[in-house]
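Single-structure report; data block below.
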Amino acid sequence: MDIPTETRSAVVPLARALGGAAVALALAGSLGGCTLLAVCLGVSGCGSTVTDPSTPPSHGPPGASADSPHPWHTGIVATTFWVGEVFDPTASDGSQVYSTYDSLWMEHYGGCDGTTASGVCETEARTAANGYFPLEITPLENPFYLDLPFDDINDPAAFARRDSVVPWAGEAPYAEHSGDQGFSYLKNRWVELGYGDATCFAQIQDAGPGEYDDAEYVFGSADERPLNDRYGGAGMDVSPAVVGCLGFDELNGEQAGVNWRFVEEAEVPPGPWLEVVTTSQVR
Numbered sequence: 003m004d005i006p007t008e009t010r011s012a013v014v015p016l017a018r019a020l021g022g023a024a025v026a027l028a029l030a031g032s033l034g035g036c037t038l039l040a041v042c043l044g045v046s047g048c049g050s051t052v053t054d055p056s057t058p059p060s061h062g063p064p065g066a067s068a069d070s071p072h073p074w075h076t077g078i079v080a081t082t083f084w085v086g087e088v089f090d091p092t093a094s095d096g097s098q099v100y101s102t103y104d105s106l107w108m109e110h111y112g113g114c115d116g117t118t119a120s121g122v123c124e125t126e127a128r129t130a131a132n133g134y135f136p137l138e139i140t141p142l143e144n145p146f147y148l149d150l151p152f153d154d155i156n157d158p159a160a161f162a163r164r165d166s167v168v169p170w171a172g173e174a175p176y177a178e179h180s181g182d183q184g185f186s187y188l189k190n191r192w193v194e195l196g197y198g199d200a201t202c203f204a205q206i207q208d209a210g211p212g213e214y215d216d217a218e219y220v221f222g223s224a225d226e227r228p229l230n231d232r233y234g235g236a237g238m239d240v241s242p243a244v245v246g247c248l249g250f251d252e253l254n255g256e257q258a259g260v261n262w263r264f265v266e267e268a269e270v271p272p273g274p275w276l277e278v279v280t281t282s283q284v285r
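Each number in this note's numbering corresponds to the 1-based position in the sequence shown with 2 added.
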């Protein structure tokens, strides 16, 4: 078995320190994009990953890739939202018929991202049987989507400072759209999410919840907490596909303990999240 350098560097010092105690590496298969690696010592009580104390801890979920330059945000509360949801018709941000990036989001998506009963769009349970896709429609855009609390289009403060806080603002194609309020730096960006042993990927398609200029949390490198104090202090909303993929405890609730980070498109592994990829810009 070819042991990765980073694993070998963690195990060898421990083995020497224990006077040659047996070191066992158990590699489990992958499920739903999640790969498990258990590093155990041949002593009683073995059952958790053992790492070299000199190696900085990873904040990612079990099985998460370790090659992205973007930092982890850990222990975040996530709530559920879906295209077509109307949870507060009196609030400016109370409808998912449209998003901050798409005034006709529901139409462009292909309809209610759930089930419609008596004219009301409700969420639905998703399973791996069909890749966590909706059961009543064929989506025209990626059903794996989320929002984060930085609206770089319609929040004046966020738009004004996006060039200085968004890590990829100086890269193509973003740099050429500096000052362009018709081009978002956030829309369609990929995010890796983990909960428990599951890892899934999704694209940003809206902003929220509760805050729209929380750059310190969204782009910070010190695992800052979200400014939002509503909805259990949620730092993101995620789609029904993500809820099913990650195996949340509730279909439509507040789920604590979610880890996430930005990833580059080239880092996104094969999975149902690549079945339909959203490429549209602000409209």
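Ideal Cβ positions, reconstructed from N, Cα and C, are used throughout, including at glycine.
Only a predicted model underlies this, so the values are computations on that prediction, with no experimental measurement involved.
Whether residue i touches residue j by CB criterion (8 Å)
i    : j    : result
N190 : T102 : no
A209 : F152 : yes
Q257 : A80  : yes
G86  : D115 : yes
T117 : E109 : no
L253 : V245 : yes
Neighbourhood of residue i by C-beta, 8 Å cutoff - its chain only, sequence neighbours within 5 removed
i    : result
E267 : W192
A177 : A171
E143 : H110, Y111, G112, Q207, V278, T280, S282
Beta-carbon proximity list for residue i, same chain, < 7 Å, skipping 5 on both sides
i    : result
E277 : G133
E226 : E218, Y219
Y233 : T81, P211, G212, E256
Residue i - partner residues in DSSP beta bridges
i    : result
T118 : C123
Q257 : A80
D149 : D208, D239
Y197 : A200
H75  : W262
Integer Cβ distance of residue i from residue j, believed to fall under 8 Å
i    : j    : result
Y187 : A171 : 6 Å
D239 : F83  : 4 Å
W262 : I78  : 6 Å
F203 : G273 : 6 Å
Counted within 10 angstroms of its Cβ, other Cβ atoms place residue i as buried (16 or more) or exposed
i    : result
A119 : exposed
S241 : buried
R285 : exposed
P145 : buried
E138 : exposed
L106 : exposed
P136 : buried
Cβ-based neighbour list, residue i, same chain, cut-off 6 Å, excluding 5 preceding and 5 following
i    : result
L229 : E213, D216
V167 : A217, F221
C36  : Low per-residue confidence applies at C36: pLDDT is 40, beneath 50, and the placement is therefore not dependable enough to give any value.
R128 : Y134, P242, A243, G246
V88  : S97
F161 : D154
S180 : D165
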